[in-house]
Structure formats: C-alpha cells, structure tokens
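Take a look at the structure below.
Number of protein chains: 2
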Amino acid sequence: MKRITIKDIASHLHLSTSTVSRALVDDKNIRRETRDRILAAADELGYRPNPVAKNLKYGRTNTIGMIVPELVTPFAAEVSKGVKSVFYPLGMKVLLADSEEDSAKELENLRMMERFMVDGIIISICDYKRNMNEFGDLMRKGMPIVFYDRIPQGLEASRVVVDDYTKSFFLTERLIRDGRRRIVFLKGPDCIYNSHERCRGYREAMHKFGLSTDGLILDGGIRYSDGLAAAGQIHAAAPDADAVFAFTDIVGIAAMNRLRELGHRIPEDIAVASFSGTVLSEMVYPMLTTVEAPLRHMGRKAAHLLLRLIDNPSAAPSVITVDADIVMRASTETRPTT
Amino acid sequence: MKRITIKDIASHLHLSTSTVSRALVDDKNIRRETRDRILAAADELGYRPNPVAKNLKYGRTNTIGMIVPELVTPFAAEVSKGVKSVFYPLGMKVLLADSEEDSAKELENLRMMERFMVDGIIISICDYKRNMNEFGDLMRKGMPIVFYDRIPQGLEASRVVVDDYTKSFFLTERLIRDGRRRIVFLKGPDCIYNSHERCRGYREAMHKFGLSTDGLILDGGIRYSDGLAAAGQIHAAAPDADAVFAFTDIVGIAAMNRLRELGHRIPEDIAVASFSGTVLSEMVYPMLTTVEAPLRHMGRKAAHLLLRLIDNPSAAPSVITVDADIVMRASTETRPTT
DNA sequence: AGCGTTCCCGCACACGTTCCCGGAAAAAAA
DNA sequence: TTTTTTTCCGGGAACGTGTGCGGGAACGCT
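Chains A and B are the protein sequences, given in the same order. At the far end of the first sequence sits residue 338, using our numbering, and the numbering has no gaps. At the far end of the second sequence sits residue 1338, using our numbering, and the numbering has no gaps.
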C-alpha cells in the first residue's frame, strides 16, 4: 500500500513537482486550467498530503500539548473538548498527558512535550511552587505556555482562571443566608494556590456575617479517600456543623457519602457544597451544590490565548477570568423552618 | 532561539553530518574517540534530535491513535494509562480522541487519525454495526487496528476483551446464592455487542436456578439519565425486585441513587451490581459490587498487540481475553436471614 | 519590428535526518 | 615490501513538501 505523493502526480501528468505543489497550495502563479487538471488527478489518484513533510518544511509540528493534574474526574476531559474544538478544525493535534497529582510526573510530561517539539502547551499544574524554574526556562526558550484553573504564582504567564475568591465568597454567603451557621471548610492541599483563594473567600464571608471559623477549617485533601477521612474529622471535631464547603467535587462527594454513613442526614442535618463544574455533581444523591466553572469555554479561551502566543511569541501575557455559575442543588436545600 | 542540528555540531567540529549522525545512532563505523568528542559537543551545545525529520526519513509518525467512546467515566483514562506505559518509553505519542457515544463523531475521529498518519489505532467502538466498512477499508489499506472492550462483530481483527458472558453468569449466580431471586437486568443499548453477551450470562444463570426472567430485563441505556429512568421502571414494573444488575457502573449508580430516592433501602431491599472496573464503584455510597476489568492491563495488552501488528502488518489477528475479578461490595451485602 | 510586461512553468535548493557508497589511511596478512 | 583487509570518514542521495529565481512564451504597446 504505497502512499502517493506530489511526485507521483507530477510524473503522471508530465509536470514538475513545483507546479503540482503550487496547484495544491493555490498559488497564483499557475494557469487555472493546469491547476484544475492537477486537482482532478490528485483526487483521482487519492492523494493525501504528508503532514510530516509539511511540518519539517515549516518547522512546526502542528501539535499542542495539554498537561492535566488528573483524569479520574471528567474536569480535564471537558476542558480538553473546548481546546480540541479550536485546534482540530485547524488540523492540529492535541496531546493529552496526565500528571496524576504528582509533580515529578508533571515534569516528565513537560520534558516529553519538549522532546515532541509541540508548538505550545496548555497546562493545569499540580503544585504551585514546584517546577517553577522549569516552566520559566521553557518559556524563555520560546515555548508558548498557557495555564488554566490551577495556576502558578509569581510567574508572568497567560492564564485562564475562575475567580476563586469571589465565587467562594458568594457561595458561602448563600449558605449563610439559607440559615447555615456552622460551616466547615474542607481546604485543599497547600500546594494548590486555589486552596488559599477559596478559603479566603469563605473566611471573609463568614467574617462579614460575624460568624466564627475557629476549628471549622479542616484539611480536606484532594482525593476521594481524603474526603472520607475529613468527614470523620468533622464528625469528631465539629459535631455541631450544619454545612460543609469542600475544595472540590470529589472531596465533597466523599464527605457527603461518609457523613451519611455516620448518620447525618443531607441536607437536613448538614448541607454539602463544593467547587467544580463536572457532571459528577449531578451524578450523586443528593445532587451537589457547586460553583460551576464553564469548562469547555475555559478550554476554548486557553486555546485562543495559545494560538495568539504561537503567532506572536513575544506577546504580553494576558489573563482571562471566566465567570462561573453558582448552582444550588438538593445537597444544600433549605431545611424546613423550625 | 535557534534550535541546533547535527549540521551545527558538524561544522563546529569540522566533521561531516554523516559522522555526527553515526555517533548519535551509535554506529560501529566510527572511532571511539571521535564519537566521544561528538557526544560531548552535542551535550555542550544542547542538541535535541528533531523527531519530525526522523519520522519523515523513516516514513512513520511515532504516533498512535486511541479512540474511546466516552470520557466522563475514568474507564478509558485508565486503559489509556496502560497504553501509554507501553508507548511512552518507546518515544511514541498517544493521541486520545473521544467519540462521545456518537458513531458519526467516531468516524470523524477515524478520519482524523488517518490524516495524521498515525502508525496504528487502538479503539473501543460506539456501535458494533456502524462504521464497519470504514474499519475494514482502513485495515485493508494497511492500518494496524486493535479493538478493546467494546468490539465489532464479524470483523477479523485483533482485540482485547473481557469474557462478558462468563463474568455476567458468575456475578448473577453469586447474587442468587446470596438469596436474591427477583433480579432485574438493566440491559445496555442493542448497538453495543457486550449488552447481549452480558444479558445472555444473566439469563442462563437465572435459568440454571430455575428462576424466571419475565419482565425483569429492562432497557437500561448507557447514560446516567438512562439509569435514573430505568430505576423508575423497576419501581413501577417490578416492585418486588430484590436486586439490580446493571450493564455498566454509571447506569448502576444512577439506578441506585434513584431507587433510594424512591424509598428502597440498599442493599437491604434491593441489591445493586454492575459491570465496570472504574474507581467510581468505590466512590459511591454504598460502594458498588462490580465485575472489575483489569483496565491498565487491557491497555498494555492492546498496546503490545498493536506493536506486533505495526512490526508485521500481515500478522494474523489475535484475540486476548483478560480475566476480571468479581468484587463484592456493600451494595449487595447479604440481608440478615429472616 | 522592437521592447517591456505578464503569465507559467521548471530548476534547484531547503527543512533535519539517515544511510549507501566510495575512498583514503591504517592495520593486518602475505 | 606488497597485497589484502579493516577502519573510519566525507559526499551525496533520499524521505515529501514549499519557494525563490530564472527563463521561455505569449501578449500588449509604441
């Protein structure tokens, strides 16, 4: 099964490869008639351009790398759909790599993308302090990079984010207005910057209403098992809690399941809310109240930012803050007024 | 930021590019001393081989395509880890494409992989009847293809599968031995071959114990919402059901959540089991009994099959049936003997 | 007729790498 | 010493594509 090339078309029509090439790229220096002849022959012979040769010629790979911190949640998958919706129509490939919440693996992925000579990278990071030098070096070497959601700190770079602080503030406020007073915040890992921002939003909202947060900020971790453990802590350390606000949906779901196992009714005894945007929130019972980030939209935005960066590598980094909806669901339904 | 090539190394050391190339591929026709000099220079100048040029030379892309029917479940993500664990060490890329349970999109993905000239394809399909001609054509054109899990029918091709029939039979038997009698089977879509196999296993197990299946085989669909609807049907059409065996975990989870909402206790009133292998089964309350396919292992096996096919395109198709564990969890716990 | 302009097409090279081939020098065998 | 073999390196083609340059032919204008 021999693949046919412009050379084959050329010899078939007794023309030079240059002419054939010109016909295919729709160059103006070609007679309309011969152009049509070539196009017809190309179609007849079943010509398919060889992207590898093109890439070598143009010094690009037409490939972009996307590095995500995890794939058990459909979060990244959803963002990637947005990214692909931009790059696929341009004939570009998207390479998806999973860091599995491990900075070392993240670095490996980064090196891999470099070896593969991707034209740019879209990344959500594991740890906002680690691999910073490597990101910086790579960017200085001219690699276009766009961060999204879980971003680094103190690095001049393009990024697409949700306003963690504000959204967290409003959701907390909403819980309070619904009558919750003893709201536990399950903080994410310290190594994720969003943890602090979301926690800040929670704290300030509580403060605004004169509510204490003493003993209510617990380490919720990032994995499902962390959420289970955290629920145990709530049960033990804050038995009078009437709401839980989790760093992320997976932790919120774990906490919810475990709390119920421990005899708490949800939402009657304890409301549960989290920060996310994946369909998981609608796939649990009761359905989970969350801050819904517009995942595909974020992907599209990141892709456009990256495209601009590829076209003009020296462009100033820009920051896009996307809006997120606060979606109230059954897990935080107001308890009947007593 | 100029990328340095073997040409640069050559002129830097006053050697020819051939010699440099020889040093880098560790050819024997080179003096040990010059080889070391070249390697040192390459390291010093920061030489990184250009994979695109190599690929053009060798007529390969060092890329394989993986097409999966969905990504909301971590099923495919897990299999892909197995696939990547084989290809990454070989310096090959893995391109992940999502068909979103849509045969048309699946075809697009297939065409895309062809355009990208991937060296091979690993795929789990949406519909076992559609796109059959396209798969056949592509294979005849010489594209190595390996199917896994959701496979086509009547197509001579390499594949990695779980023994749906047997595992389904044993799980059903297990439920019966645990005292369940009125077991509902939530059948998957007809367009997925596994649906029929799993249903057959269920039916024969029921038959073996002289249990009727009349009115117990319901259309469970494939999406979460389908599972919700199916649970409503159970509630209405088979109110005396004491167990549910779902085609897949997402459907099982949906059914479980909805049944509980309708007042059924799980597992006391109704046991719930499903067929899967993702961590989702452990992320719900109560944890779900499932047939656990060895996902990463399947990925690795599929990758090896594909590698063999790439090395020898005319190799006879081979079928690998991997074993799966039946994992009993809280969702089917035996009810206290009355 | 002479000149300039426009229109097309082929030649040659480039992208970065590998590899066959030939040849010079060195080593081994005679 | 001469012949044969081995060792080692450079030249150049090739993978498939794009493009600057030059030149021939046709055309238009004076």
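Backbone N, C-alpha and C fix where the C-beta goes; we use that ideal spot for every residue, glycine too. Computed from a predicted model, the values in this text were never measured in an experiment.
- For A/Tyr224, the residues of chain B that pass the 8 Å Cβ criterion are Val1279, Glu1282 and Met1283, in the order they occur in the chain.
- Taking the C-beta atoms as reference points, B/Glu1101 is found nearer than 8 Å to B/Ile1222.
- DSSP, read as helix, strand or coil, puts A/Ile125 in coil.
- If you look at A/Ile64, you'll find it in the beta strand (DSSP E) that goes Thr63 to Val68.
- Excluding its 5 nearest sequence neighbours in each direction, B/Met1112 has no C-beta neighbour in its own chain below 6 Å.
- In the DSSP secondary-structure assignment, A/Val272 is bridged to A/Val244.
- Close to chain B, meaning a Cβ-Cβ distance shorter than 8 Å, are the following residues of the region 37-56 of chain A: Arg48, Asn50, Pro51, Val52, Ala53, Asn55 and Leu56.
- Distance between B/Leu1309 and B/Met1139, taken at the CA atoms: about 11 Å.
- The C-beta distance from B/Ala1254 to B/Leu1228 rounds to 5 Å, short enough to fall under 8 Å.
- Among the residues of chain A, those whose CB is under 9 Å from the CB of B/Val1072 are Pro74, Ala77, Glu78, Thr278, Val279, Leu280 and Met283, following chain order.
- For A/Asn133, not one C-beta of chain B is nearer than 8 Å to its own C-beta.
- For A/Asn257, a Cβ of chain B is located within less than 8 Å of the residue's own Cβ.
- The alpha carbon of A/Ser281 has as its nearest neighbour, out of A/Gly210, A/Asn109, A/Pro144 and A/Asn257, the alpha carbon of A/Asn257.
- The beta-carbon of B/Leu1307 is placed no less than 8 Å from the nearest beta-carbon of chain A.
- Residues of the region 1112-1132 of chain B that bring their beta carbon within less than 9 Å of a beta carbon in chain A comprise Met1112, Glu1114, Arg1115, Phe1116 and Met1117, in sequence order.
- Shown here, B/Ala1293 sits in coil according to DSSP, grouped into three states, outside any helix or strand.
- CA-to-CA, the gap between A/Val244 and A/Leu175 works out to about 10 Å.
- Cβ-Cβ distances below 7 Å link A/His297 to Gly82 and Val322 in the same chain, with the five nearest sequence neighbours on each side left out; the list follows chain order.
- For A/Ser80, DSSP assigns no beta-bridge partner whatsoever.
- Within the region 1286-1334 of chain B, the complete beta strand (DSSP E) segments at least 3 residues long are 1289-1292, 1319-1322 and 1325-1327, listed from N- to C-terminus.
- When rounded, the separation of the alpha-carbon atoms in B/Ala1238 and B/Thr1290 is 22 Å.
- B/His1264 is classed as buried because its beta carbon has at least 16 other beta carbons within 10 Å across all chains shown.
- One alpha carbon belongs to A/Arg260, the other to A/Val184, and they sit about 16 Å apart.
- When the beta-carbon positions are compared, A/Ile145 and A/Phe135 come within less than 8 Å of each other.
- Bounds of the alpha helix (DSSP H) holding B/Tyr1224 are Tyr1224 to Ala1237.
- When 7 Å is used as the limit between beta carbons, B/Thr1061 is near these residues of chain A: Val52, in chain order.
- For a Cβ distance threshold of 7 Å, residue set Lys93 and Leu95 of chain A lies close to B/Leu1095, ordered along the chain.
- Beta-bridge annotation (DSSP): A/Val184 is paired with A/Val244.
- Nearest to B/Asp1137 by C-alpha distance, out of B/Phe1116, B/Asp1127, B/Ala1157 and B/Val1020, is B/Ala1157.
- With contacts defined by Cβ atoms closer than 8 Å, A/Ile9 and A/Ala53 do not form a contacting pair.
- In the DSSP assignment, B/Ala1097 is bridged to B/Ile1067.
- In this structure, DSSP gives B/Leu1216 a state outside helix and strand, which the three-state scheme calls coil.
- For the C-beta of B/Glu1261, the chain A residues within less than 9 Å are, from N- to C-terminus, Tyr285 and Pro286.
- One alpha carbon belongs to A/Thr332, the other to A/Thr172, and they sit about 11 Å apart.
- Secondary structure of A/Tyr202 (DSSP, three-state): helix.
- Taking 8 Å as the threshold, the shortest C-beta distance from B/Ile1253 to chain A falls below it.
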